[in-house]
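Position 31 (the sequence shown) corresponds to 31 in the UniProt record's numbering; numbering is contiguous. Ideal placement from N, C-alpha and C gives every residue a C-beta, glycine not left out. Here the structure is a predicted model, which is why all the values come from computation and not from measurement. In what follows, a structure is listed as structure tokens, so that the remarks can point back to it.
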Amino acid sequence: MEIGCQIIEEIEILQRTSFASITTIPSKSEKKYLGLKILRKNIEKAIGTDILFRKEVE
Numbered sequence: 001m002e003i004g005c006q007i008i009e010e011i012e013i014l015q016r017t018s019f020a021s022i023t024t025i026p027s028k029s030e031k032k033y034l035g036l037k038i039l040r041k042n043i044e045k046a047i048g049t050d051i052l053f054r055k056e057v058e
């Protein structure tokens, strides 16, 4: 099991209660995309929108 998965609750608490931006570096075997989820939340927190992963409206 990935360490990030084991401590995700602690990471979420720290991100909600501080200005810190905590992210994980995914391993090549990671299947849950935890690192990308955390990165997406950090971007939204920093600038107010998801500029990397949003789907363009056609």
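Answer yes or no: do residue i and residue j have a C-beta to C-beta separation smaller than 9 angstroms?
i: leucine 36; j: glycine 4; result: no
Is residue i helix, strand or coil by DSSP?
i: glycine 35; result: helix
i: aspartate 50; result: coil
i: threonine 23; result: coil
i: glutamate 10; result: helix
i: lysine 45; result: helix
Could you round the C-beta distance between residue i and residue j to whole angstroms and report it? I think they count as a contact, below 8 angstroms.
i: isoleucine 47; j: threonine 24; result: The pair is not a contact, with the Cβ atoms about 20 angstroms apart (cut-off 8 angstroms).
i: glutamine 6; j: lysine 41; result: Not really, about 18 angstroms apart at Cβ, beyond 8 angstroms.
Once the 5 residues before and after residue i are set aside, which same chain residues still bring their CB inside 6 angstroms of it?
i: isoleucine 11; result: Ile22
Spatial neighbours of residue i within its chain, please: CB distance less than 8 angstroms, with the 5 preceding and 5 following residues excluded, ordered by chain position.
i: leucine 52; result: Leu39, Arg40, Ile43
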